[in-house]
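>
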Amino acid sequence: MGSRAAQRDDIQGLRALAVLAVILFHFNSDWLPGGFVGVDVFLVISGYLITTIVLRNLERGSFSFLHFYIARVRRIVPAYMVLLAMTSLVMAVLLIPRDFETFKESLKEALYFNSNNYFASHNDYFAPDSHELPLLHTWSLAVEMQFYLLLPAVLVFVPRRFLPWLLTAVALLLLGFSAYQLAGGQSHSVYFSLAARIPEFLVGSLLAFGGFGATWSRRTSNTVAVLGLLMVLGSFWFITEHAPFPGLLALPACIGVAMLIATRNSVCNQVLSSGSLVRIGALSYSLYLWHWPILASFRYFFESYYLTNTVIVVALLLTFALSYISYHLVEVPFRNRSFSLEKVPRYAALVVFVPAAIGVAGLLNSKLVEPLPDKLTRYALQSEICHGKVLDSCTRGESVADKNLLLMGDSHAAQLNYFADVVGEELSVRFEVVTASSCVPIEGFDIERISEFAHDPCRGQIEEAAKRLGQVDGVVLAGMWSYHTRSETFIDSLSGFLDKVQSMNKPLLVLSQVPMLEGNVQRIQRFNVLGFPRASGKNNEWQLANDRVESLVNDYANTYFLDLSTLNFFERAPFNGDDVIYFDSHHLNEVGSRKYGRTAIPFIEEWIQEAL
1 MGSRAAQRDD IQGLRALAVL AVILFHFNSD WLPGGFVGVD VFLVISGYLI TTIVLRNLER
61 GSFSFLHFYI ARVRRIVPAY MVLLAMTSLV MAVLLIPRDF ETFKESLKEA LYFNSNNYFA
121 SHNDYFAPDS HELPLLHTWS LAVEMQFYLL LPAVLVFVPR RFLPWLLTAV ALLLLGFSAY
181 QLAGGQSHSV YFSLAARIPE FLVGSLLAFG GFGATWSRRT SNTVAVLGLL MVLGSFWFIT
241 EHAPFPGLLA LPACIGVAML IATRNSVCNQ VLSSGSLVRI GALSYSLYLW HWPILASFRY
301 FFESYYLTNT VIVVALLLTF ALSYISYHLV EVPFRNRSFS LEKVPRYAAL VVFVPAAIGV
361 AGLLNSKLVE PLPDKLTRYA LQSEICHGKV LDSCTRGESV ADKNLLLMGD SHAAQLNYFA
421 DVVGEELSVR FEVVTASSCV PIEGFDIERI SEFAHDPCRG QIEEAAKRLG QVDGVVLAGM
481 WSYHTRSETF IDSLSGFLDK VQSMNKPLLV LSQVPMLEGN VQRIQRFNVL GFPRASGKNN
541 EWQLANDRVE SLVNDYANTY FLDLSTLNFF ERAPFNGDDV IYFDSHHLNE VGSRKYGRTA
601 IPFIEEWIQE AL
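Mapping to full-length UniProt numbering: the sequence shown position 394 is 394, numbers consecutive.
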């Protein structure tokens with residue numbers, strides 16, 4: 001970007017402010033709760049600079065779509081592709097096969113700058129947590145590229161006198177639409193939406209139309225700039241990740257950035273033009289690219305959002321070192337418009353290295369560590385169970401049985417499908433299974449607490465469970481109590497469910513949560529093979545949760561809490577005998593589910609004889 005606007009030192013300082021805010025937030029959201037708003041600062045700056053460049057070239061009669069997009073590609077793509085290639089190689093070593101498949105899906109979308117739409121609809125319960133997804137941050141680059149595809153055509157083909165009015169109308173319309181979606185609980189999809197971010201770009205675009213601040217006195221400029229800076233910094237501090245964002249809450253920061261850009265000669269702009277901030281601003285793109293995959297890798301290995309001080313220092317040093325290298329060896333050389341024969345090897349290396357690295361990564365993941373059998377990496381074959389959906393027959397155990405029980409709950413109930421087969425066939429019991437991710441399908445369950453993708457399946461299974469409740473002889477309830485008992489609303493809904501079952505005179509068996517481990521079994525096994533040994537112990541969170549649920553259940557007649565978590569079966573968890581019985585930190589695998597069922601038979605038989 002060779003325009004004078006693009007070379008303003010204070011804008012580089014704004015970039016530094018934005019990227020440092022994002023990095024602080026990503027390293028620990030407690031440090032700067034609204035640091036993620038730094039992305040919105042970038043979007044306003046981009047809108048301003050790109051609009052300025054296009055309008056200036058249109059005035060000169062030199063605008064070319066081809067030259068515009070070549071410039072965007074030079075600026076964004078080389079460093080981005082190197083980042084994707086290097087991340088692919090690291091993830092091929094680090095990730096277990098199931099997680100690597102998830103990574104490859106995100107990589108494919110990142111290559112086409114479609115990450116925002118991919119992550120907006122990302123709905124795999126067993127995928128790594130969001131802070132472990134190495135390409136999650138590419139959503140903002142996808143949004144930028146999508147905006148760059150749209151804006152030039154609007155600026156070229158709409159008469160200039162209409163443009164400010166049109167852009168203002170579009171910004172207000174989309175701002176209102178995103179606010180409406182946020183009010184409707186669609187926060188996840190809205191966050192990644194291009195439509196929700198266009199108003200932020202357009203704040204910058206509108207600034208490019210007219211001499212804002214050009215005639216202001218120094219005192220006025222200083223006042224406006226200080227106010228703008230306070231609006232930006234206030235957004236960094238007071239907005240939290242739980243707020244309905246972007247929508248209206250993005251406006252203070254966006255308008256604050258516009259005020260700072262408009263007041264180019266203020267004291268704030270002089271501070272932003274300081275050498276250290278300008279240097280960080282120059283590195284801002286590379287810093288943004290590299291910091292997140294580095295963080296995600298450490299968090300994946302240690303299985304924790306919070307990292308030790310030592311790891312944080314190492315991650316920061318890696319971030320700045322790789323960013324410096326990327327800036328000088330990739331960004332600057334490719335961004336330079338001049339072409340010479342000396343650059344041919346560099347272009348050729350990029351063209352060869354990126355696809356080669358991505359291709360090698362695909363082979364490397366399974367070759368480094370032999371993949372585990374499927375039965376050890378899942379609790380059931382998904383096509384065989386009704387988790388989150390209802391098919392014609394969602395039954396396990398005996399198809400024709402003396403007793404018909406309703407097995408219901410979240411994934412901790414879904415992991416009992418093969419358990420139910422073993423128990424049902426032995427005791428002549430038929431289980432009707434109604435389960436959903438993160439959701440205990442009981443009336444009053446606080447759906448808003450769980451991931452957005454799980455909302456509709458949860459609602460459907462709540463209705464299905466209520467319908468089947470009157471048709472069965474008894475109920476078996478299972479869940480991840482350590483998660484659900486954090487919510488007092490859930491405790492209230494569970495109490496209501498216990499009241500309802502008691503009033504219907506239905507025997508109810510509540511199963512304890514299986515012990516939780518300190519780490520994902522598959523990851524630990526992989527790291528051990530790779531020479532990075534990690535132990536796997538148990539934590540006590542599940543015990544406290546089991547105790548709380550048991551104390552609640554014991555107040556009801558014809559209701560029994562069966563605590564199997566203290567059996568010798570789990571003494572050596574994640575192992576039982578020579579078998580691995582877990583596939584992550586809190587779910588049994590197929591082998592574990594069947595062995596657990598055989599262990600539970602005498603206890604469930606006793607309950608059936610007494611209660612049914």
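Note that the Cβ used here is the ideal one computed from N, Cα and C, for glycine as well.
Excluding five sequence neighbours on each side, which residues of the same chain lie with their C-beta closer than 6 angstroms to the C-beta of Ala6?
Residue 6 sits at position 6 when you count from the first residue of the sequence shown. In this prediction, Ala6 has a pLDDT of 46, which is less than 50 and means its spatial position is unreliable; nothing more can be read from the coordinates.
> Throw me the rounded Cβ distance for the Pro78 and Leu350 pair, which I believe falls under 8 angstroms.
What you label residue 78 is simply residue 78 of the sequence shown in a count that begins at 1. What you label residue 350 is simply residue 350 of the sequence shown in a count that begins at 1. That belief holds up - the Cβ atoms of Pro78 and Leu350 are roughly 6 angstroms apart, short of 8 angstroms.
> Between the stretch 546–555 and the stretch 586–606, are three or more C-beta pairs nearer than 8 angstroms?
The stretch 546–555 is not in contact with the stretch 586–606.
> Below 8 angstroms between beta carbons: does that hold for Val423 and Lys403?
The residue labelled residue 423 in the question sits at position 423 within the sequence shown. The residue labelled residue 403 in the question sits at position 403 within the sequence shown. Contact: no.
> Could you please give the first and the last residue of the uninterrupted alpha helix (DSSP H) stretch that includes Ala258?
Along the sequence shown, one-based indexing puts residue 258 at 258. 251–262 is the extent of the alpha helix (DSSP H) around Ala258.
> Out of Ala195, Ala169, His412, which has the shortest C-alpha to C-alpha gap to Gln181?
Here residue 181 is taken as the residue at index 181 of the sequence shown, counted from 1. It is Ala195.
> For the candidate residues Ser205, Pro134, Ala18, Leu364, whose alpha-carbon lies nearest to that of Phe301?
Indexing the sequence shown from 1 puts residue 301 at position 301. Residue Pro134 is the option with its Cα nearest to Phe301.
> Alpha carbon to alpha carbon, how far is Thr489 from Val73? Give it in angstroms, no decimals.
Looking up residue 73 in the sequence shown gives position 73. Looking up residue 489 in the sequence shown gives position 489. Rounded to the nearest angstrom, the two C-alpha atoms are 50 angstroms apart.
> According to the neighbour-count rule (16 or more other Cβ atoms, all chains shown, within 10 Å of its Cβ), is Gly275 buried or exposed?
On the sequence shown, residue 275 is found 275 positions in, with the first residue counted as 1. Its Cβ having fewer than 16 others within 10 Å, Gly275 is exposed.
> Whole beta strand (DSSP E) runs in the stretch 418–480 with 3 or more residues, listed along the chain?
If we require 3 residues or more, the beta strand (DSSP E) runs fully inside the stretch 418–480 come out as 429–435, 474–478.
> What is the residue span of the alpha helix (DSSP H) that Phe561 lies within?
Locating residue 561 in the sequence shown gives position 561, where the first residue counts as 1. Taken as a continuous stretch (DSSP letters only), Phe561 belongs to no alpha helix (DSSP H), being part of the beta strand (DSSP E) at 559–562.
> On the CB-based measure, 16 or more other CB atoms within 10 Å of its CB, does Tyr112 come out buried or exposed?
Here residue 112 refers to the residue found at position 112 when the sequence shown is read from its first residue. Tyr112 is exposed by the Cβ-count criterion.
> Are any of the Cβ atoms in chain D nearer than 8 angstroms to that of Ile261?
Chain labels in this structure do not include chain D; a single protein chain is all it has.
> Helix, strand or coil, according to DSSP, for Asn309 in the structure here?
On the sequence shown, residue 309 is found 309 positions in, with the first residue counted as 1. Note: Asn309 maps to helix in three-state DSSP.
> When the Cα of Asp492 is compared with those of Ala243, Gly409, Ile442, Phe236, which residue comes out closest?
For the purposes of this step, residue 492 is taken as the residue at position 492 of the sequence shown. Minimum Cα distance to Asp492 is reached at Ile442.
> Where does Phe575 sit, in a helix, a strand or coil, going by DSSP?
Residue numbering aside, residue 575 sits at position 575 when the sequence shown is read from its first letter. Here Phe575 sits in strand by DSSP.
> Could you check whether the stretch 8–15 touches the stretch 262–280, counting it as contact only if at least three pairs of C-beta atoms, one from each stretch, sit closer than 8 angstroms?
Segments in contact, yes.
> Taking the alpha carbon of Leu202 as the reference point, which residue from Thr220, Thr51, Asn28 has its own alpha carbon closest?
Here residue 202 refers to the residue found at position 202 of the sequence shown. The shortest Cα separation from Leu202 among Thr220, Thr51, Asn28 belongs to Thr51.
> Is Tyr306 buried or exposed, if buried means 16 or more other CB atoms sit within 10 Å of its CB?
As a working mapping, residue 306 is identified with position 306 in the sequence shown. The residue is exposed, with fewer than 16 neighbouring Cβ atoms inside 10 Å.
> Note down the Cα distance separating Gly47 from Trp216, rounded to an integer number of angstroms.
If you number the sequence shown from 1, residue 47 lands on position 47. If you number the sequence shown from 1, residue 216 lands on position 216. So the alpha carbons of these two residues sit roughly 23 angstroms apart.
> Shortest alpha-carbon distance to Gly592 belongs to which of Phe445, Lys375, Trp542?
Looking up residue 592 in the sequence shown gives position 592. Gly592 has its Cα closest to that of Lys375, out of Phe445, Lys375, Trp542.
> May I ask which residues mark the beginning and end of the alpha helix (DSSP H) holding Met145?
In the sequence shown, the residue the question calls residue 145 occupies position 145. Per DSSP, Met145 belongs to the alpha helix (DSSP H) from 138–157.
> Is it the case that the stretch 460–468 contacts the stretch 534–543, given that we only count it when at least three CB pairs across the two stretches are under 8 angstroms?
Cβ pair count under 8 angstroms is below three, so no.
> Using a Cβ distance threshold of 8 angstroms, determine whether the stretch 558–576 contacts the stretch 501–516, with at least three qualifying pairs required.
At 8 angstroms Cβ cutoff, the stretches touch.
> Does the contact criterion of 3 or more C-beta pairs under 8 angstroms hold for the stretch 471–490 versus the stretch 431–448?
Judged by Cβ distances under 8 angstroms, the stretch 471–490 makes contact with the stretch 431–448, as three or more pairs qualify.
> In terms of alpha-carbon separation, which member of Lys595, Phe445, Ile358 lies closest to Ser106?
Taking the sequence shown and counting its residues from 1, one reaches residue 106 at position 106. Among Lys595, Phe445, Ile358, the Cα nearest to that of Ser106 is on Ile358.
> Could you check what DSSP says for Tyr112 in three-state terms: helix, strand or coil?
Here the question's residue 112 lines up with position 112 in the sequence shown. DSSP places Tyr112 in coil when its eight states are reduced to three.
> Within the continuous beta strand (DSSP E) that includes Met408, where are the two ends?
Taking the first residue of the sequence shown as 1, we reach residue 408 at position 408. Met408 -> beta strand (DSSP E) spans 403–409.
> Quick check on Thr377: buried or exposed, where buried means 16 or more other Cβ atoms within 10 Å of its Cβ?
The residue labelled residue 377 in the question sits at position 377 within the sequence shown. Its Cβ being crowded by 16 or more others within 10 Å, Thr377 is buried.
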